Every structure is written in structure tokens, then in C-alpha cells.
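Residue numbers (the numbering used here), protein chains in the order written: chain A, 926 to 1209; chain B, 926 to 1209; chain C, 926 to 1209; chain D, 926 to 1209; chain E, 926 to 1209; chain F, 926 to 1209.
Here is the structure:
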């Protein structure tokens, strides 16, 4: 699809590779797609819009260039001049207040992905470091090339990861396993194969970045052919399973579905099943 | 064991393949063991009784015939005449109320398995679709033949799974992993091998249905030779671990065991251990 | 390091194999390192001190002798004379009260390891039975030799494990999986390979006990070279992920880091990174 | 209303004092409405039916005779012959199992009132002891005569209240206050005035039992004139507020109302408001 | 203070009646300060800014004109032309999706007040209906005139309150009391006196609107003279108490204060106390 | 009772005013019973012992001298020489770590009272400031003289209360009410009458300190005449109600009572009731 109906963004390419599928590409390849302040806010805005856009049923998140999904925070930029944290504070508690607000702000960007109503698939290649783990942990699925290099890098810059990795990695790979502790405490890089074995990615695609994008588009098209009421409800209810009891989750599911099974999708899906046709569904 | 002390059920064969072991077989093979209304209530009744029956220490849940554990909901029956959901409702909120009650009712059937005091082992073969996942996720262990075909089918009929899969699958395989999202969002079938790799089943038994039943009976006999106080307490406490904190679970465990270690089982088990004899335990 | 600055303990050898690294060795090899009353209290005292000792950044927990990490409770001792539980109680509720207090007391010992601010690595070999699972589940990482023999043994002595295994094993391997239910309900032994496959241990070290210790020391030295603010914060936040919602955990993380990123570690780590030097960090 | 469309129950009078209003009267006045086994099951059955009956919008729970709402458990009956708890058990853990099942069974009766979709108002007079507190704490509102005598009696029969009072009284009066601890620990009787002051009852009606019934019917008729979608949703959401976070409750509320504001009630209520007419609503 | 440093808002007057004190006045008196779409977004923007403004230590929320704090939603506007909910939807589940998004959007406005870092005091007079309860329940304190008329109005327009009242009123008055159920289920108006008796407002000020504003300003000045680190921390920690365990809240408190007691406020406050002087504190 | 069987403590008088009743008196009247380091540890030790002592059924906590229960922290001592917090730290994060440990340590002292198995009644008179609120909020009941002066003092020394008040006051008075926010944010003193009206104390005793002690002893004797199994179980279960759901609490209650109703107390209590005799109970 040559033209996108989306506006131009400064640091992200937003395109429509197939009907109902949107690809968001982090676009700062000359810096390994490392993040600095203005990128964050663009990213949140994009996902807030896609979440409610009825033309969108599945989102792909990828990185421009051959070398990285994202190398993480742009440390040079972070160290620069107008950094509010280098300024003088009357005391550590006041500095803590400003830092806490700043962390919340960044967490909200990542949470915009996690809260997006449509499934989001991270398509990973090359360096996927630090923030790259935060971002992809907030996605629903992760595909990667065999040469992807992962690293929960934060310990190496002297801090505990604070914008989502430590909260979402246990949810995404299942518990606070030996492996989660290992990669988070040591900040050691790990390979695609190790990511697959530990259930962080759901597939390692043969070939390079082009192939993983292709596979992502194919999967996204497949998901987009399904009932959007069913797909988006499934995402929402699964995410509510973590940190809550089975009993509370069952009750929540019943309340959710009491409205959502009143869709035309159920009839269409059943009928198409019996007639061996591909159903089409109204927008959502 | 030729004769069962259990009554005849219409849609389930309830037999006693070994002392303390009960096998519940879904018995509608001509319809791939698909479920329709009267089956649900029979099933709940059976598990409510087995839960408290002191002659029962382990339960096997399997499907009759060669082709399926269960193909899930009987969609044809569900689409039929006297379906309360086809009737007219004054407005969507009133329809939602009736639907919510109906979902709760079905959830209660599945929860009767999950709450059963005795360990329940699902023995799977052939089609294990939709409701087959709800049912087996509510069991404690899952064994399957190598030709079992799994599918979280609900998205394909236009709805989010609502009688237990989305609440229990994350508990049972560990978190809301890439794999859980993949199979729940896409409704794609998956194999026994994949189920094993992702910790949904604990073993794939070589051979066919007869072999998995045999293996199930063998395992159930083994569990039934253990202290029932120990086995049933272990099940109860493990299930409480999900969605609650370690601190709360430790406290609960201590309160539970304060009563339960006052059994005669502890002495018998220890003594038998020292004397290299097989202990016997009182009923529970 | 020949001399330890730690006092002599009766049942534990506490040594310093490398700077910032402390090894706690269970030292009752003639009894397969089985535990009895006086050992518990020593162990709690040791971990309470190490948790706050600024000279300590990583702790190794291992067992003396060639045959066992620990075979678990010393059943013979437990069965002996002055056992308070053999005394007469006016009624089962009063006995339950004394038992409950006793279970809490033992849980507190295991929890002292889990709550220790520094990462703790269990180095396992030989018999790792019963209490050995409780102890190692409370550690952050588990390495083992290929001949380690694991067993959640409690069902075999007639009780549900009550000092931590049932609460922490699901956290550590991810959920209440088929495998967790299998090994906890059946009390069947399992191998190092199985432990690795199910994410209970993060590596099986080639060779024997000497090699796993060597690997542990190497890993501990590596962790100790990292920012202790970052490492200890990561441990704390990850442990809070279990049984709580992502939203609560994100908020907790922000509050934690608002203080903790005000360390000198961040500057030192970043600068060293740019200068390709190894940073050193203040004690913590 | 002279005739009831409800069947005759042995221990309860179920009548219809006004359209949409049902009164359930505990009817064993010769024993101060004290409960014994067969009454429990009748009570559960009644509330399960009323919960879903579209002709019912508000339920009153009261006690027959002049002397008591209920004096609680019928201790004489409980002490009698065929009591399963006087039988011999092999050990205290097996007795505990049977007791636990029995407590769950009784809790389920009380919970049937708490889970009833329609608002339930307890109309109290005379002795409201023990079980009387369990029952009325499970209701939504409590009105009483000025001579009502309350008592959380269980401590006086040697046990902690276990069918609901200790779980629901804090919810109903707000926290584990000095007053809650006082009346629960001491088992001292308290007056209507004290119940009002501590927010247990919402009004003390002047006069005797007839007046409190009259007031209850009046209030129930008033509630029944309101939108049943609005009233029943309000009850459900308020009950979910206890023991959960504001954030979780807000999300649950939005999911609930997404279906429930699609009623015809909203238009009818608004229009009637503008036209100063009394709206009528479809059944629910 | 004659001039405000705040911009002009269309529906709110934002003024600075005293140092560190900001008053936000709902300004649509000709419509009893009833809310319609554009007002919501202005309100959220205002509180988001005030939350972080270091010149602000306490916020007052009041209503312009003599007759109302706010009469709630502007039902006429809500019923008007371009209402997205009157448009056609393919099915009730798609309408539910749009409604759910809309409810979340409105909840976020109210939550902006609840999450505001600075204490917010609602100053109430006249009609305080529907949304007026949602707004004031999200504040920290509520003062009112003796002629304030309160009403949880939503049931009267056919729906369960869904932007905060049902989640926050139980938190604010303590539990799901008889009184909370009464006023929420019946939508009956209640008086200032009743609001005081049930702990919804902390004082009823003698006189009219002018007096309650005066009292509010006086209290706000008093709070603003205290350490802002202490005041804002107290607000944050108290709000975290609801729906979480004491143990979790204690841990959170310790982590919070580890940073926040490193303020200069502690020294200044202590020294001023000893010297009987009024301390001044750095901005926050 | 002239002689106590308890050892002499330096800062506390521990006496036995009646059978089964122990009075712990804070004994530093010359400093208004203000706390400094050595007192904390003594206090924890005392409550840990009393919690398990079978001769103890009820505990009274009071302050020596005429002027104060306790004026709170001894600020002069806290400001003194060897204060670890005045020493130099490499950075605020390391100082935060030491502070966090210190706060946990003090919290554990207060929690020792809250966790004490026996009911604890705070008997308050004179200054009950700061720590006095933390201590008494951890008790089960609070009685006071009419001249007691209360104050949540911490805001006035520049910090949020961090050893328990903010976590337990909402539990104890019911929610995060207007009143809780008012007294915690403003640090304004409040009277006995206000404490009673807001459900913080359960009675204001006429007369002075002697009378409140007398009333406390009388109440404690009364509680001690009841079944200790029933009283201690009631305390435990009620405390678990806060921050957890009704469903979880009901389950916990059933598990607790399955052991605890197997006491001899039930028979004795019932029989004594029928025979109008005062029962005696075994120690616990």
C-alpha cells in the first residue's frame, strides 16, 4: 500500500502494509533507533490514536535500518545540557519528586502500547536493548530474526529498569524465574534462541529483517481476518489475568462478554464456518 | 473393575478402574463428545459428588470414542430452536443480564472441576477444541496422545473464551506468554508436541488413546497410594498461589497445615519409610 | 581468601571466596546436611546479617560433602524425645495453635533468604530433597550439577509442604503448571535436566560439585562488579511483581527509583561505559 | 396481596406485599426463629430463585412472631443425635476436612443472599443474635425496631463466627473499628441505638415490628419504582469496591456499564424527568 | 490577590486567594454549573498542571453562583444532536466499545483530581448532585454550607454511577455501609447534616457560600504552611491504603519515606518547633 | 496481684493486674514516655513473648505518669550525637537504603503488637501524639480519659507518618474518610470526644487515668473469661478482612475454624450456657 492515511511523524514511519494492519517503525536508524525526549511523546500519541481507529485491527512495531530494533535510551542525549536532573535541587526529596514524575511520564508511554485495544506485535532484529525490552514486553507477541541481540541493559547504567521491564517481563515469560532473575540482574546479552526457549518471543524467523516483517504482516493479516470483537476481548481479558485471582477474572470475563457476545460477529462466524466461507466483520 | 457403584449417567461413563481411582468419560462419541445443555449439569453433579466421596483419591477425565476428547460446544444444538438468546429482549442491557447469568452458570460447571478436592487428570486424545481447553485447564494435570489436536477455538466463533480458558491458561502454563497470546488470539490449532513444550501437558504418551488411559490409571494409582491428606492439601495450597502474594500464601499454608498435620498419615508415612513398607492411609 | 571475617558457626561454614562474595555452606555432611532445630536459627541469623552487610554483594548457598545439598528435614531427630508435638494437648485446636506458631517460625527462616537484600544463588548437588526445594526456591538463581537429585518430598511424609515450596515454586517456574502439580503431588524425584527444562535451575554445570561452586563464584563475582544499587533494586522490584498487578508494580518501581537513581552509580556506570573502563561502586 | 405465586415452604413464608416486592419471613417463631439443618437449604433455594425472577425488584427479610428476627443457631438441635461431628474420626485432620466442607456449605447459604442480584433489606426486631448478624450483614440495608437486641454471639459458644459476620461486618460498617472488635470479641449484646450510631442499621423505626415491616415495604416499593438496571448495577458495583483497588473498580464499572447503559431505562427515566411523570421500566 | 498568573479558562475561574493556594471555580452558574463535553477537558488540563506546579500547595474546588456546586451532567446537552451514542451501530457490542471508551475518558477527568499530588478540598453549597458527588469524592476533604443538597442522582436517570462515585464513596466514608447503599440505590437527596454524620464532609460551615469559601481558604493556608513533602506524602500513602493489605502499605511507606525524609523540611520543622518559630519550606 | 512473674524491664512495667491479664506500662514518665532507641527493642521483645504465653489472654498497654500515654518520638534524643543519619553517605540512594532498613525495623516493633495473638487494649490518657497513634492503631481496642490529647504529629516534623498510622488508621476507623485526611494532613490535635465520634476509641471513660485503667482491667477480665480459642480466632480473622475480598476471607475463615472448632471450648461453653454456669477453658 503506497500511501498512508496517517500524518508524517518525525521519528516514526506509520504505514499500512495491508488492510486493517498498521506498521509503526521507529525511525532514527543513524542512532540505532535510540530514544530521546521528543520521540516518547510522538510514540504515545500514535498508539493512543491507533487504539481507537476502527480501520486498525493489528499493529506491528519495528525498527528502521538494518542494525537495531532500538539500542535503548540515547545516553548521550540524556547526558546533555538541559537535562532537568542535573539542575540543583534543595534536597534529595525534591529531586526524588521530579524524578518520580518523570518516570511516571515515561511509563505512561510504554503503557499506551500495553493498553492499546488492538493486538501489537513487536518485530525485532539487531540490537534490542534496554528500552527495547520495555517496549516489546508491552506488546502481545514478539517475533524476531535469528540475529537479534537482547539485553535488559539497565543494571549496566547503574539503575533498576523502571519503565516496565521488571513489571511485565515476569508476566510475559511466566513468573520470576531463574532466567528472568539471571538476565535482569546480570544485564548479560542473550540470543534469539534463548529468547525463544524462555518464551519471550514466540518465533524466530529464518532470514533477516525483511523476513520477520513479512512474517509479521502475514500473521497480522491473519489476525485481522478474525472477529475484532473476539480478538480484542481476548487481549483485554488475558491481560487482566495477571496479579488477580481466577475468581475475579471469571467474573470480569462474564461481565465483559455479556455485552460483547451481542455482536453480529457470532452469527457471521458460525454461519461462515458451516458454509466454509471467509466471514467479514464490521469495524471496531 | 467390572461394576461401578456409581449410577448410570446419560452423557458420562463413570467407572472405577482401580481402587480409589474414578474415570469420568465424556460419552457422546457420535458427536465428537461435543457439549450441549443437559451435559453440563450432569458433569457438575458428578464432580460435586466425587469431591467429597471418601472412596475417591484421584479422578481421570477422558472422552469416549477414537476421535476426540471433546470438539467443544455443539454449535448446531446451540443454534437450535429454544435458544433463550434468540428470543426478543426489550433492550441490550436486559439481554446482557440473561447472558451474564448463563455464562456464570457454565463457569460454575468448569469451576466444579477446579474446586474438586481430589486431583483430576485430563487424558486427552484427538480433538480437544474450545471447551476441551476450558475443561482440561481446570484439571491438575494433562496427559495426551501424540495425535491430540488442540485449539482455543472461541475467536473463530466470534467471541472471547468465557468459561475459564482465559483465566486458567495463564495460571497453568505460567503467565500471559507470547504463546498464550498467540494461540488464544489466533485460534490456530496446535499439536501435542507444542502443548508439551509450552507446559500445557505434562506428558505426551506414546501410542493411542488406550495407552494414555493406561498411563493415566497408572499415575492415578500411584497418587492414590500417597497420603490423601498430603495430596489434597498440596492441590489446595498450590491453587491459592495464583493471584495472591507469597506472604498471604505462606500464612494460609500455616493455618491449613496446623489442622492437617494432625493426621495419622504423618506417623504412618514416616514409619513405612523407615521400614521400607508401603503405608496405607485412612479414607478422606 | 584464607581467613573469614565471620564468626565460626556450628552448622554452617561462612567464607569469602572473592571480594563482595560470601559463601554459606550447610555443614552437616555426615547426615546429608539434613536440618534439625538448632540449624534453623543459625541460618536465619546469618542471612539477617548478610542482608545489611555493605561488604557483601552476592551470596552463594551450598552444601558440604559430596552427597547432598541437603536431604531435607532430619526425620530421626524430628521423631525424637523432646518433640513438643508428641506432648499431650487438651484438644486438637490447642495443638493446632502450637503447630501454627512452629510453622511460622520455620517459614521465617526461609523468608530470611527470600528477603535478603543481596542476590542469593543456590549451588546444588546430590540430594536436594524437601527442605532443599524450600531453601533453593527462596534464592534468586539456582545452578546445579548434572547429578543433582531433586524431590518435593513432603507428600511422602504425609503432609503438604509448608515452609515455602508451594508458595514460591509457582513464582519461580511460572504459574501452577502441569509440571509443578506433577512433582508436588507425586513427590517423585526429578533430575537436573528436568529442572533445567522446567526453568527451576538456570544452568546445569558440567562436572561435579567443585565445578558448580567455581561457576557460582564466577557468576557472583560478575554480579558483584555491577552497581549494587541497580542489582539490589532489580531483585526487590522483580519479587514484588508476583501476586500484584502491573499497575501497582509500576507505581512501586517509580517510587523506589525516585530515590535510587540518585546514586553516584549512574554517573560512574555511564562514564565507564563511554570510556570502556570497569567502574567501581560505593558500598551498599 | 392475598395470594402468593410462590410455593409453600416449610420454614419460610414468601409473600408479595406489593408489586415487585417479595417478603421472606423466617417462620419458626416457637423457637425464636432459630435455624437448624433443613432451614438452611430452603433459604438458599429461595434466594437463588428470587435473584433471577423478573417479577422481583426488592426483597425484605424478616422474622415471624414478636420476639426475634432470629435467635441464631438452634443449639439444642445442633447438639442432637445424628450430628456428624460427634461421630468418630480417625484423626483431627479428617474431622477438619468434614468440618471445612460443612462450613463452606453454610457460608454458601449466606452468600446466596449477598449475591442476590436484587437489593435485600433486613427488617429486624427482637433477638438478632449470632446467625442473625451473619444474615443481616449479607443484606444491603438493615432497618430495625428500637427494641432489637443484637449480639455477635459466637464467642460465647466457643468459636469464631464462621459463616460471614467477620468477613462482612467490617465491609458493612467500615473497617475493623474499635466497635467491630469490641462487639465481636466480647459477644456483648448491643442495642438498636448503638447499631444505628455505628452504621450497622440505616434506620431505627419508631414503633414495633409492624411499623418496621411497613417502613420496609414502603422503601422497597420506592426502590422498585426506579430503573432495575440502575439499581441492580449499583448494588453489584458497590459490593465489588471492598477489598479491591479504586483503579480495578473503575475499570470494572466501565465494562459493566458499557452494556447496561444500552437499556431503554435511560431514555424513559430522562424523559419522565423532563415531563415530571413517573416512568415505568421493563422487567429484569 | 487580584491577578492570577493562570490563563483564562472558558468554564473555570482559576484564582490564587492566598500564597500557595489555588481556587478552581466551576463557572457556568446560569446552568447550575452543570457539565457538558468541553468542560471536562478543561478541568483535566487544569488539575494536571496544578499537580506539578511548585507554587501550589493546596487546591480549593468550588462552584460559581449561589445555587449549586454543580447540578451534575447537563442532561439537555447530553440529549442533543451530535451525541455519538444516538448514531447507528452495527450491533450492541460495537456500541458498548464506544461507550466504554467514553466512560474511561470521563473517569480520567475525575481521576486527575484524585491523583493530583496536592490536597484538594471541595467547598460545597447548593445542589451537589450526580457528578458533584463524583467530583467531591475524588477530593481529600469536603466542607459544605448547611444548605447543601446532596444526591447520588444516577439511578434516577436509569444508570449506575460510572465515573467514580461507586468506587470512591465507600473509600471516603468507610466501607459499603447501610448508608452508602441507601443513598446510592435510592437516589434520595440528603442534607449537609446527614453528610456530616456519615463522614462524607468533615465540616458544615455556618453561614452561606462566602463563609465556606473563607473557611476553605483559611484551612488551605494552614495546610500550605506545613512541610509540602510531609503533606503530599501523607496524601499519597493514605490513598494507597484502600484495597491493599496493611503489609503492602507498610512496605510502600518505607520505600516512599526512604527518599522523602531526606528533605530539608525535617530539620527546619524540628528546629522551628524547638525555637517556637514558623518554619518556611522549599517549593515542591 | 503484688508480684509479677515477668522480669524487670528498663522502660516498661509489666504486671499482672488479674488472672490472664497483663498490663504493659510505658515507663519513662519524666520524658512524657517519649521513645528512643533502646525502648523499641524492649517493647518488641515483650509482645513477642506475651503473644505465645498461655497464661496471658488479654493485654493492656498504658503509659506511666499523669501526663501522657506517650508524647511520641524523643526528638532531642533523635537529634543527638550518634544518629546514623547525620553521618556522611556517598549519595542519597545509599542514605535511602539505610533509612529504609531503619523504618522497617521500627515498623516491625509496632507490627509485633498488631500480630500479637491476644487482644491488646490501649488505655490512653494525656498526650497521645505521633508514635502514640501508631501504637494505639496497632491495638484492637482503645479506651481513653476525657482529657486525652491526640495528634498525628508527623507532618509537623516534616514527614509522612511511616511506622503504621497511615496504614492502620484507615483500617481502624473505616476508610480514608474526610476525618482521616483532615487529622493526618493538618497534624491538628483532636480531643477524646472527637476520637470517640470518629470511631477511633470505643469509649471515653469518666474520670482520670486511674479510672481508665480500672475500666481496662475490668474489660480485660471479661474477655479473659471467654473461650481463648474463640477470642483469638476472632481477632485473627477480623484483621484479615482489610484489603482482601470477602470471598478470600470466607475461605480463610473456614480453613481456620476447621481446626479451631475442635476445641473443648465449644462443649464447655454450650454446656455452661445451658446450665447457667461460668465455663472455664484450657490455656492457649
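Virtual Cβ for every residue (Gly too), placed ideally from N, Cα, C. Just so we're clear, the structure is a prediction, and the values are computed from it rather than from any experiment.
Determine, using beta carbons only, whether residue i comes closer than 8 Å to chain C.
i: residue 1015/F; result: yes
i: residue 1117/B; result: no
i: residue 960/A; result: no
i: residue 1063/B; result: no
Compute the beta-carbon to beta-carbon distance between residue i and residue j, rounded to the nearest angstrom, for a pair I have assumed lies under 8 Å.
i: residue 1090/A; j: residue 1053/A; result: Not really, about 12 Å apart at Cβ, beyond 8 Å.
i: residue 916/F; j: residue 1092/D; result: Given a span of 926 to 1209 for chain F in the structure shown, any question on residue 916/F remains unanswerable.
i: residue 984/B; j: residue 933/B; result: With 8 Å as the limit, residue 984/B and residue 933/B do not qualify as a contact, their Cβ atoms being about 18 Å apart.
i: residue 960/E; j: residue 950/E; result: Actually they do not touch by this definition, with Cβ atoms about 14 Å apart.
Give the interface partners of residue i over in chain C, defined as CB-CB distance under 7 Å, in chain order.
i: residue 1209/F; result: 1019 and 1022
Spell out whether any CB of chain B is found under 8 Å from the CB atom of residue i.
i: residue 912/A; result: Not covered by the structure: residue 912/A. The range shown for chain A is 926 to 1209.
Any beta carbon from chain D within less than 8 Å of residue i's own beta carbon?
i: residue 1188/B; result: yes
i: residue 1181/A; result: yes
i: residue 928/A; result: Per-residue confidence for residue 928/A stands at a pLDDT of 46, beneath the threshold of 50, marking its modelled position as unreliable; the derived number appears in the next sentence. No, no contact with chain D.
Note down, in chain order, every chain A residue with its Cβ under 7 Å from the Cβ of residue i.
i: residue 1172/F; result: 1172
i: residue 1147/C; result: 1111
i: residue 1029/B; result: 1179
Closer than 8 Å, CB to CB, is residue i near chain A or not?
i: residue 983/B; result: no
i: residue 1037/D; result: no
i: residue 1154/E; result: yes
What does residue i touch in chain C if you count any residue whose Cβ is under 8 Å from its own?
i: residue 1177/E; result: 1177 and 1180
For a contact defined as C-beta to C-beta under 7 Å, what are the partners of residue i on chain B?
i: residue 1163/A; result: 1091, 1095, 1101, 1105, 1106 and 1109
Which chain E residues are close to residue i, counting only those with a beta carbon under 7 Å from its beta carbon?
i: residue 1184/C; result: 1183 and 1184
Does the Cβ-Cβ distance between residue i and residue j come in under 8 Å?
i: residue 1017/F; j: residue 1184/C; result: yes
i: residue 943/A; j: residue 986/A; result: no
i: residue 1112/B; j: residue 1126/B; result: no
i: residue 1159/C; j: residue 1085/A; result: yes
i: residue 1203/D; j: residue 1197/D; result: yes
i: residue 1102/A; j: residue 1097/C; result: yes
Counting only Cβ pairs nearer than 9 Å, list the residues of chain E close to residue i.
i: residue 1082/F; result: 1152, 1155, 1190, 1191, 1194, 1195 and 1198
i: residue 970/D; result: Simply none; closest approach about 25 Å.
So with Cβ pairs under 8 Å, would you call residue i a contact of chain E?
i: residue 1098/D; result: yes
Please compile the residues from chain B whose C-beta is within a distance smaller than 9 Å of the C-beta of residue i.
i: residue 1026/D; result: 976, 977 and 1042
Taking CB distances under 8 Å as the criterion, tell me whether residue i reaches chain F.
i: residue 1073/E; result: no
i: residue 1132/D; result: no
i: residue 901/D; result: The structure shown does not extend to residue 901/D, since chain D spans only 926 to 1209, so no value can be given for it.
Handout entry: alpha helix (DSSP H) segments (min. 4 residues) lying fully within the region 1118–1201 of chain A
Key = The qualifying runs are 1134–1149, 1153–1164, 1171–1185 and 1190–1200.
Practice task
Quick one: which unbroken alpha helix (DSSP H) runs of 4-plus residues sit fully inside the region 955–1028 of chain E? Chain order, please.
Solution key: Entirely contained in the region 955–1028 of chain E, the alpha helix (DSSP H) runs reaching 4 residues are, in chain order, 962–977 and 1000–1003.
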